[in-house]
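Undergrad: Got a structure for you, written out below as structure tokens; questions coming shortly.
Numbering (the working numbering), first residue to last: 1015 to 1165.
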């Protein structure tokens, strides 16, 4: 899926596989996802693939976008994860539009990034666009269910 940013910026976000597709019996290692990013931004253009999200993280992202699309108060104005490669932050909101900053860190930054540089894309979405994002992410998530869940 592609997050369309302000000023013709974009972030292509795609799960390509589990980090360890052969490990299916370890609750933690079985659920790391390889995330492909293709970023076109005012900060530069780059592509990365990195195990930056767990299956549960992807579900949290979907839920967050669903809540925003329905004007439901979220638990937090930002989402960050165990691997701090990606962050989604709600920077502005009103009834019609929400502005979200997608921030890239560590392995999700350009290969030549300096430590003190910030890399991000600002996006502005209406509720219908937020619903579409959640829908597209759900389609991605269906391909990668949680594995080795202890009951």
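Just so you know, even glycine gets a beta-carbon here, dropped at the ideal spot from N, CA and C.
These figures come from a predicted structure and were not determined experimentally.
1) If we count the other Cβ atoms within 10 Å of its Cβ and call it buried at 16 or more, is residue 1030 buried or exposed?
2) If you run the structure through DSSP and keep just helix, strand and coil, what is residue 1061?
3) For residue 1109, count neighbouring Cβ atoms within 10 angstroms of its own Cβ and tell me buried if that reaches 16, exposed if not.
4) Using CA atoms only, rank isn't needed, just tell me which of 1038, 1107, 1123 is closest to residue 1049.
5) Any chance the segment 1071–1079 sits against the segment 1137–1148, with 3 or more Cβ pairs inside 8 angstroms?
6) Which same chain residues end up closer than 6 angstroms to residue 1139 when comparing Cβ atoms and leaving out the 5 residues on each side of it in sequence?
7) With residue 1075 as the anchor, note down where its alpha helix (DSSP H) starts and where it stops.
8) Need the endpoints of the beta strand (DSSP E) that residue 1086 sits in, please.
9) DSSP on residue 1095, reduced to helix/strand/coil?
10) Between the C-alpha atoms of residue 1035 and residue 1045, what's the straight-line distance to the nearest angstrom?
11) Contact between the segment 1086–1103 and the segment 1153–1163: three or more CB pairs below 8 angstroms?
12) What separation, rounded to the nearest whole angstrom, lies between the Cα atoms of residue 1106 and residue 1091?
13) Considering Cα atoms alone, identify which of 1151, 1104, 1126 is closest to residue 1058.
TA: Taking the coordinates as given:
1) Per the 10 Å Cβ criterion, exposed.
2) Secondary structure at residue 1061: strand, using DSSP grouped into helix, strand and coil.
3) Exposed: under 16 other Cβ atoms inside 10 Å.
4) Looking at the Cα atoms, 1123 is the closest of the given residues.
5) Contact between the segment 1071–1079 and the segment 1137–1148 is present: three or more C-beta pairs spanning the two stretches fall below 8 angstroms.
6) Take residue 1139, set aside five residues on each side of it, and the residues of its chain with a beta-carbon closer than 6 angstroms to its own are 1112, in chain order.
7) For residue 1075, the uninterrupted alpha helix (DSSP H) run begins and ends at 1069–1083, by DSSP.
8) Where residue 1086 is concerned, there is no enclosing beta strand (DSSP E), because DSSP gives it neither an H nor an E.
9) Residue 1095 sits in coil when the DSSP states are folded into three classes, being neither helix nor strand.
10) About 9 angstroms.
11) Verdict: no, contact absent.
12) Cα-Cα distance, rounded: 10 angstroms.
13) Closest option to residue 1058, Cα to Cα, is 1126.
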